[in-house]
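Numbering (mature numbering (1 follows the signal peptide of the UniProt record, and there is no 0)), first residue to last: -20 to -1, 1 to 631.
All residues carry an ideal CB built from backbone N, CA and C; glycine is no exception.
All figures in this text were calculated on a predicted structure; none of them were measured in a lab.
A short worksheet on the structure shown next.
Quick look at the structure:
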């Protein structure tokens, strides 16, 4: 027992020591705390410095890594304000990239354009250093040692007007953290306090928040006029404002805001209410005994708390006074986070997500469920933490496990047999070291006749990563014929008054040219060349499903457009012809404190509409594997993968 306690004490001491370990001062040869010019909570020319630590020196001052870690990102940027930066492309080292910008003779303040590095530390915190120069080439994913030289000192911010770096730290949840205490300094950092949301809103507050919401959507969302007719807008506003009253409950207004981001008004795979449903914030969530869903146009019990499984898959006629038809319509209307007329994801949501049948009714209650055969069941909701078994069990099916359980890595390569290999990509947010690892493995298997690339349950990522991977598979130089970006303004946005990540005076799209009543920049000359060192020539089969989003739609779409791959599975969640993405404005309503995200750029890939690529839809598969109850809730097999292997066997 004493040995156990001693070991426990030692482990606790070791963990505490690691957590309390001080970082090494970032300026080589200087003592901790030397030459600090601006601390958190100090003002600089009227600007409050919230979380940056500015440290000065000379242009020859070497900046070192304060601790061991992994490089998460490396780039080139310019701090416009203490809370906002403009990012530029990085090509090689910091100095080479800055020199490249200089040759373009653009009206840029090159003195204040610098390299930046983000390092992930052992405790999960992320350390950001801005204001770097140097000739060394850094890659994302590289391991770095404490004391290793990152570069020399540049000019991090124009208002400091002398060589300096800006250092900031964020925690694993990406929230600003103290940049001084880890160095053993007396800290001036103050954590921003979350503004408590109100229990109720006055009528004036309700009207103000709703007005801001609608104006921000109309001004910022680049597909607003295309998707929302004046008649639809007027009907939505009239229907919504009828519900306004003095002392409106927060929960009621929240669902009004949420409704604006569903199929009832604007549905988009990249537009989102960030504030969670009120019921999800409660310590105890109540759930029904019978979960309902839509299968083949009928409302059924899809899952059941143990003891009520006799009702599984029985057709439901009504729940209380709501008919099955009414509930089904509501469930379809409440679907969000998918583009335009995408069907596959919508069918999944009305099949799986019972909450769409209740929406703003997620609270303790008793329902009378009437089945099509005339029998009834009184369903009294119970706390979810009292439920031991749900039938079918959530992680029984391979489909559910693949969707719900996080992957240890964002990629995996597997040799299935002598003729077939599998490259699974669960994200396109891959660092350079990971890309090199994939490339090395692919080279070693370059002669395998059949390659399956799995981008199911992949929510996208970096366009540069996408283009790099595409270069390994395209057979000839590839360029979409009508590729361009569209935005609503090449000047400022009035709605940015309520934006959390861009200042009011920011002109994000100054280089865009007039295009009707919008603004456009063309990408028709952007060509992806086949990689001369790595180019797979075999047969490609790409697996997609209703959770293939953004870059995970663009990747198979590009290969499909070129006729380079057979696409197997189900329609993607993001549209084939275009998506709204790239830059995102995050808003907070002043009274309700509800936050939401609006994409600012409409990215058009292709304008060609054919039977293969129909309008307003996601990428359709060449070979469809329809969604089914067995696959989602029961099946221990991978239905889409099995179909791919079945096809390969016939080759």
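Proximity of residue 123 and residue 50 at Cβ, strictly below 8 Å:
Yes, they are a contact pair.
Evaluate residue 301 with the Cβ neighbour count: other Cβ atoms within 10 Å of its Cβ, from every protein chain shown; 16 or more gives buried, anything less gives exposed.
Its Cβ having fewer than 16 others within 10 Å, residue 301 is exposed.
Ranges of the beta strand (DSSP E) found wholly within the stretch 94 to 166, counting only runs of at least 3:
Counting whole runs of 3 or more residues, the stretch 94 to 166 contains the beta strand (DSSP E) stretches 94 to 100, 106 to 113, 129 to 133, 144 to 150.
Which residue from 314, 534, 456, 562 puts its Cα closest to that of residue 512?
When each option's Cα is compared against that of residue 512, the closest is 456.
Residue 383 versus residue 392: straight-line alpha-carbon distance, rounded:
Their backbone Cα atoms lie some 16 Å apart in a straight line.
Between which two residues does the beta strand (DSSP E) carrying residue 171 extend?
For residue 171, no beta strand (DSSP E) encloses it, and the DSSP letter there is neither H nor E.
Could you name the residues that DSSP lists as bridge partners for residue 400?
Within the DSSP bridge table, the entry for residue 400 names 430 as partners.
With residue 34 as the anchor, note down where its alpha helix (DSSP H) starts and where it stops.
Boundaries around residue 34 are those of the beta strand (DSSP E), 33 to 36, since no alpha helix (DSSP H) includes it.
Where residue 463 falls: helix, strand or coil (DSSP):
In the structure shown, residue 463 sits in coil (DSSP, three-state: anything other than H, G, I, E or B).
8 Å CB neighbourhood of residue 200 in its chain, flanking five on each side removed:
Short of 8 Å from the beta carbon of residue 200, and not among the five residues preceding or following it, lie these beta carbons of its own chain, in chain order: 468, 473, 475, 565, 578, 580.
If we require 3 or more residues per run, which beta strand (DSSP E) segments fall completely within the stretch 294 to 357?
Complete beta strand (DSSP E) runs here, min 3: 296 to 299, 346 to 351.
Looking at the structure shown, is residue 480 part of a helix, part of a strand, or coil, going by DSSP?
DSSP places residue 480 in coil when its eight states are reduced to three.
Test item: CB-CB of residue 73 and residue 145 under 8 Å:
Not closer than 8 Å, so no.
So, do the stretch 92 to 102 and the stretch 21 to 36 have three or more beta carbon pairs nearer to each other than 8 Å?
No, the stretch 92 to 102 is not in contact with the stretch 21 to 36.
When DSSP labels each residue in this structure, what does residue -18 get in the three-state scheme?
Here residue -18 scores only 42 on pLDDT, less than 50, and its place in the model should not be relied on; the value that follows carries that caveat. Secondary structure of residue -18 (DSSP, three-state): helix.
Do residue 130 and residue 109 come within 8 Å of each other at the CB atom, strictly closer than that value?
Yes, Cβ-Cβ distance for residue 109 and residue 130 is below 8 Å.
Roughly how many angstroms separate the alpha carbons of residue 208 and residue 426, rounded to a whole number?
In a straight line, the C-alpha of residue 208 is about 48 Å away from that of residue 426.
Whole angstroms is fine: what's the gap from residue 14's alpha carbon to residue 127's?
Rounded to whole angstroms, the gap between the alpha carbons of residue 14 and residue 127 is 17 Å.
Select from 528, 453, 96, 223 the residue whose C-alpha is nearest the C-alpha of residue 136.
Distance check between residue 136 and each of 528, 453, 96, 223 places 96 closest, using alpha-carbon atoms only.
Judging by CA-CA distance, which residue of 67, 2, 403, 63 is the nearest neighbour of residue 54?
If we check each option's Cα against that of residue 54, 67 comes out closest.
Taking one C-beta from the stretch 262 to 273 and one from the stretch 221 to 231 each time, how about it: are there three or more such pairs within less than 8 Å?
The stretch 262 to 273 is not in contact with the stretch 221 to 231.
Which listed residue (240, 211, 528) has its alpha carbon closest to that of residue 194:
Ranking the options by Cα distance to residue 194, first place goes to 240.
Burial state of residue 592 (16 or more Cβ within 10 Å):
Around the beta carbon of residue 592, fewer than 16 other beta carbons sit within 10 angstroms, so the residue counts as exposed.
For residue 459, count the other beta carbons within 10 Å of its own beta carbon; 16 or more makes it buried, fewer makes it exposed. Which is it?
The residue is exposed, with fewer than 16 neighbouring Cβ atoms inside 10 Å.
Where the beta strand (DSSP E) containing residue 394 begins and where it ends
Unbroken beta strand (DSSP E) run through residue 394: 391 to 395.
With H, G and I counted as helix, E and B as strand and the rest as coil, what does DSSP make of residue 553?
Look at residue 553 here: in three-state DSSP terms it is coil, with no helix or strand label.
Pull up the distance between the alpha-carbon of residue 28 and that of residue 22, whole angstroms please.
Going from the Cα of residue 28 to the Cα of residue 22 covers about 6 Å.
Report all residues from its chain with a CB closer than 7 Å to the CB of residue 502; omit the five preceding and five following residues, and keep chain order.
464, listed in sequence order.
Distance check for residue 162 and residue -10, CA to CA, integer angstroms please.
In this prediction, residue -10 has a pLDDT of 44, which is less than 50 and means its spatial position is unreliable; nothing more can be read from the coordinates.
Could you check whether the stretch 437 to 452 touches the stretch 511 to 530, counting it as contact only if at least three pairs of C-beta atoms, one from each stretch, sit closer than 8 Å?
Yes, since at least three Cβ pairs between the stretch 437 to 452 and the stretch 511 to 530 fall closer than 8 Å, the two stretches touch.
Nonlocal neighbours in the same chain, by C-beta distance under 6 Å from residue 433, ignoring five residues either side:
Scanning its chain for C-beta atoms nearer than 6 Å, with the 5 sequence neighbours on each side dropped, one finds around residue 433 the residues 403, 522, in chain order.
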